[in-house]
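Student: Structure below; questions to follow.
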């Protein structure tokens, strides 16, 4: 009985071995049947998406825009014009009519100097003129009377000549006094220290009772009804400023408002140290205090020095951790993502993408939002 059982086990093992050899021969014959030129299908990681044509979901295209960077420049307001007020005469200060921060009223009077002596000189001058006018009148009558006598041969010619000389001398002296009167009147007017009407006092240097010499500074004045904002700009920044047109917006960060300014003047010089151009913007109206020191900001859009461009986020395809744009004929162009921009745009860069190039706005695939 034991021998029969052993024989059955040996038979079963032989059958299993025979079946395994038969399957190996079938696989070998199958491998020999495959042609040598057949290639194994590519895995996703071996595809080349930048050259493979894409069937677009829409034919709508867009033009690539040049990316810009925002530069914010800060400057402070100052007076449209300033001037130093000096005394043209030497005298004692009698009264000061404006203090620091005051606006000069009608006539622009700032201070009054003592004019006692100049008024006395004027009184003497006018008295002398009155006397000489009487002499001129007298010698004129005498000249006329002796002229008639000389014609009738009852007076000597020398007497007529003497009266004519006296008349001419008195007339010349009168003219000299009249010129002196105008000089004294002008000097009297300059005892009133005046500045431009409507200007404000920035600095006051005199007090009543103080003696002021000729040429001495008495005040610093400024025009604040119009303000200037100075900026130092590079050539690129200046070109961006000119592109804004006649009206230039300025932000007021301290109040949260804004005003419109005009390009008032541009210096023809060039600062060799900063390599910048000095530019003044003018503010004539707006909701701001018209004084110096108001902080303003000039915002300029400058070209991106890295050469990046702006494209819609819907135009970007993402595949294998890379981003692509699709041309109208379906070819992919690999780009490098730099970041987002306002208006649903993205900043990208690529040596094969330039401003003005056209790509599909809604290509097939997954967009990079």
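Numbering (our numbering), first residue to last: 286 to 654. Even for Gly, the Cβ is constructed at its ideal location relative to N, Cα and C.
Please give the ranges of any alpha helix (DSSP H) in the stretch 626-652, keeping only runs that are unbroken, at least 4 residues long and fully inside the region.
Tutor: Within the stretch 626-652, no complete alpha helix (DSSP H) run reaches 4 residues.
Student: Check this for me: beta carbons of residue 604 and residue 646, under 8 Å apart or not?
Tutor: Reading the chain shown from its first residue, position 319 is the one you call residue 604. Reading the chain shown from its first residue, position 361 is the one you call residue 646. No; because the gap between Cβ atoms is not below 8 Å, this pair is not in contact.
Student: Look up residue 361 in the DSSP assignment and say whether it is helix, strand or coil.
Tutor: In the chain shown, the residue the question calls residue 361 occupies position 76. Note: residue 361 maps to strand in three-state DSSP.
Student: For residue 436, does the count of other Cβ atoms within 10 angstroms reach 16, so buried, or fall short, so exposed?
Tutor: Looking up residue 436 in the chain shown gives position 151. Under this definition residue 436 is an exposed residue.
Student: Rounded to a whole number of angstroms, what is the C-alpha to C-alpha distance between residue 392 and residue 426?
Tutor: For the purposes of this step, residue 392 is taken as residue 107 along the chain shown, with counting starting at 1. For the purposes of this step, residue 426 is taken as residue 141 along the chain shown, with counting starting at 1. Spanning the two alpha carbons is a distance of roughly 46 Å.
Student: Helix, strand or coil, according to DSSP, for residue 571 in the structure here?
Tutor: Translated into the one-based positions of the chain shown, residue 571 becomes position 286. In the structure shown, residue 571 sits in coil (DSSP, three-state: anything other than H, G, I, E or B).
Student: Less than 8 Å between C-beta atoms, sequence neighbours within five positions excluded: which residues of the same chain meet that for residue 349?
Tutor: The residue given as residue 349 occupies position 64 in the chain shown. Closer than 8 Å at the Cβ level, and outside the excluded window around residue 349, lie 594, 595, 596, 638, 639, 640, 641, 642, 643, 644.
Student: Can you tell which of 344, 533, 362 has its C-alpha closest to the C-alpha of residue 574?
Tutor: Along the chain shown, one-based indexing puts residue 574 at 289. Nearest C-alpha to residue 574: 362.
Student: Using the Cβ count rule (16 or more neighbours within 10 Å means buried), how would you classify residue 471?
Tutor: Counted from its first residue, the chain shown places residue 471 at position 186. Label assigned to residue 471: exposed.
Student: In the DSSP assignment, the beta strand (DSSP E) including residue 510 goes from what residue to what residue?
Tutor: Your numbering for residue 510 matches position 225 in the chain shown. Where residue 510 is concerned, the enclosing beta strand (DSSP E) stretches over 502-518.
Student: Which term fits residue 648, buried or exposed, when burial requires 16 or more other beta carbons within 10 angstroms of its beta carbon?
Tutor: Residue 648 sits at position 363 when you count from the first residue of the chain shown. Its Cβ being crowded by 16 or more others within 10 Å, residue 648 is buried.
Student: Would you be able to state if there are at least three C-beta pairs under 8 Å between the stretch 483-491 and the stretch 378-392?
Tutor: With a cut-off of 8 Å, the stretch 483-491 and the stretch 378-392 count as touching, because enough Cβ pairs lie within range.
Student: Leaving out five residues before and five after residue 509 in sequence, what residues of the same chain have Cβ atoms less than 8 Å from its Cβ?
Tutor: As a first step, residue 509 must be located in the chain shown, where it is residue number 224. Taken in chain order, the residues that qualify are 364, 365, 484, 485, 575, 576, 577.
Student: Compute the Euclidean distance between the alpha carbons of residue 636 and residue 353, then round it to the nearest angstrom.
Tutor: Residue mapping note: residue 636 aligns to position 351 of the chain shown, counting from 1. Residue mapping note: residue 353 aligns to position 68 of the chain shown, counting from 1. C-alpha separation (whole angstroms): 17 Å.
Student: With distances taken Cα to Cα, identify the nearest neighbour of residue 456 among 529, 610, 531, 418.
Tutor: As a working mapping, residue 456 is identified with position 171 in the chain shown. Ranking the options by Cα distance to residue 456, first place goes to 418.
Student: Taking Cβ to Cβ, would you say residue 513 is nearer than 8 Å to residue 549?
Tutor: To locate residue 513, count along the chain shown from 1; it is residue 228. To locate residue 549, count along the chain shown from 1; it is residue 264. Yes, the Cβ-Cβ distance between residue 513 and residue 549 is below 8 Å.
Student: Reducing DSSP to helix, strand and coil, say where residue 423 ends up.
Tutor: Translated into positions along the chain shown, residue 423 becomes position 138. If DSSP states are grouped into helix, strand and coil, residue 423 belongs with the helices.
Student: Is residue 400 buried or exposed, if buried means 16 or more other CB atoms sit within 10 Å of its CB?
Tutor: Taking the chain shown and counting its residues from 1, the one referred to as residue 400 is at position 115. Flag for residue 400 reads buried.
Student: Can you check whether the CB of residue 356 is closer than 8 Å to the CB of residue 585?
Tutor: Here residue 585 is taken as the residue at index 300 of the chain shown, counted from 1. Here residue 356 is taken as the residue at index 71 of the chain shown, counted from 1. Yes, Cβ-Cβ distance for residue 585 and residue 356 is below 8 Å.
Student: Output the boundary residues of the beta strand (DSSP E) element that contains residue 587.
Tutor: Walking along the chain shown from the start, residue 587 turns up at place 302. It spans 580-588 - the beta strand (DSSP E) in which residue 587 sits, taken as one unbroken run.
Student: Let's see if you can read the secondary structure: which residues bound the alpha helix (DSSP H) around residue 465?
Tutor: Within the chain shown, residue 465 is the residue found at index 180, counting from 1. Start and end: 442-474.
Student: If you draw a straight line from the alpha carbon of residue 612 to that of residue 540, how long is it in whole angstroms?
Tutor: Position 327 of the chain shown, counted from the start, is the residue given in the question as residue 612. Position 255 of the chain shown, counted from the start, is the residue given in the question as residue 540. Whole-angstrom Cα-Cα distance: 48 Å.
Student: Using the three-state DSSP reduction, which class does residue 608 fall into: helix, strand or coil?
Tutor: The sequence position of residue 608 within the chain shown is 323, counting from 1. It is a strand residue.
Student: Using the C-alpha atoms, what's the distance from residue 344 back to residue 629?
Tutor: As a first step, residue 629 must be located in the chain shown, where it is residue number 344. As a first step, residue 344 must be located in the chain shown, where it is residue number 59. One C-alpha to the other measures close to 20 Å.
Student: Determine the closest residue to residue 725 out of 598, 621, 439, 438, with distance taken between C-alpha atoms.
Tutor: Only positions 286 to 654 of the chain appear in the structure, and residue 725 is not among them; the question remains open.
Student: In the DSSP assignment, find the unbroken beta strand (DSSP E) run with residue 348 in it and report its ends.
Tutor: Mapped onto the chain shown, residue 348 falls at position 63. 346-348 is the extent of the beta strand (DSSP E) around residue 348.
Student: What residue does the beta strand (DSSP E) around residue 597 start on, and which one ends it?
Tutor: What you label residue 597 is simply residue 312 of the chain shown in a count that begins at 1. 594-597 is the span of the beta strand (DSSP E), which, as asked, contains residue 597.
Student: Please state whether DSSP places residue 491 in a helix, a strand or coil.
Tutor: In the chain shown, counting from the first residue as 1, residue 491 sits at position 206. DSSP places residue 491 in coil when its eight states are reduced to three.
Student: Quick check: residue 523 and residue 562, are their CB atoms within less than 8 Å of each other?
Tutor: Here residue 523 is taken as the residue at index 238 of the chain shown, counted from 1. Here residue 562 is taken as the residue at index 277 of the chain shown, counted from 1. It is a contact, given that the beta carbons lie within the stated cut-off.
Student: Please state the DSSP three-state secondary structure of residue 435.
Tutor: In the chain shown, the residue the question calls residue 435 occupies position 150. If DSSP states are grouped into helix, strand and coil, residue 435 belongs with the helices.
Student: Give a yes or no on whether the C-beta atoms belonging to residue 462 and residue 410 are separated by under 8 Å.
Tutor: In the chain shown, counting from the first residue as 1, residue 462 sits at position 177. In the chain shown, counting from the first residue as 1, residue 410 sits at position 125. Yes. Within cutoff.
Student: Considering Cα atoms alone, identify which of 468, 615, 469 is closest to residue 346.
Tutor: As a first step, residue 346 is located in the chain shown; it is residue number 61 there, counting from the start. Minimum Cα distance to residue 346 is reached at 615.
Student: Work out the CA separation of residue 621 and residue 634 for me, nearest whole Å.
Tutor: Here residue 634 corresponds to residue number 349 of the chain shown, with the count starting at 1. Here residue 621 corresponds to residue number 336 of the chain shown, with the count starting at 1. Each residue's alpha carbon lies about 5 Å from the other.
Student: Mind checking residue 579: buried by the 16 CB within 10 Å criterion, or exposed?
Tutor: Here residue 579 refers to the residue found at position 294 of the chain shown. Buried, because 16 or more other Cβ atoms sit within 10 Å of the Cβ of residue 579.
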